[in-house]
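Just so we're aligned, residue -19 is where the sequence shown starts under the working numbering, counting upward by one. For glycine and all other residues, C-beta sits at the position ideal for the given N, C-alpha and C. This structure is a prediction, so every number in the text was calculated from the model and none was measured. What follows is a set of notes on a single structure, which appears directly below.
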Amino acid sequence: MVNKIKNTIAKFPLGFVFTTIDFPTAVENPKQVNKILNALVSEGSLRKLSKGRFYKPQIGKFGELPPDTYQIVKDLLEKNGKIIGYLTGYTAFNDLGLTT
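This is how it looks when you write it as structure tokens:
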């Protein structure tokens, strides 16, 4: 099971925020998947964003980069595959290249 989870994580892009739901084996045993993910955080190969939310860290020239703003809030912007919200304010202006 550990190898299946590691293979699935390897397919995720850097900075992609995921939960236990993103793993096919989580249906059978979600607590086991959560324990494995927390062990990978302790090992240093994953980072924990919040309870039950993890991401693969991206290392840049000046150190570790946080996940993209959209990845952090995507659970609030989408529900059942439908968009129910959107980013506004400075984040939207930065994404459009209008401000820095």
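Problem - Element boundaries [beta strand (DSSP E), containing Y35] - result: R33 to Y35
Problem - Bounding residues of the beta strand (DSSP E) (the contiguous stretch that carries L44) - result: The sequence as given places Glu at residue 44; Leu does not occur at that position. Element bounds for E44: G43 to L45.
Problem - Residue from N74, L76 and T0 with nearest C-alpha to P10 - result: T0
Handout entry: Alpha carbon of I16 to alpha carbon of V(-18), nearest angstrom
Key = 7 Å
Exercise for the section: Have a look at G27 and P(-7) and give me their C-alpha separation to the nearest angstrom. Expected result: The sequence shown places Arg at residue 27, not Gly. Distance between the alpha carbons of R27 and P(-7): 14 Å.
Handout entry: Residue closest to V53, alpha-carbon to alpha-carbon, out of G43, A19 and G65
Key = G65
Problem - Distance between beta carbons of F(-2) and V13, contact taken as under 8 Å - result: With 8 Å as the limit, V13 and F(-2) do not qualify as a contact, their Cβ atoms being about 11 Å apart.
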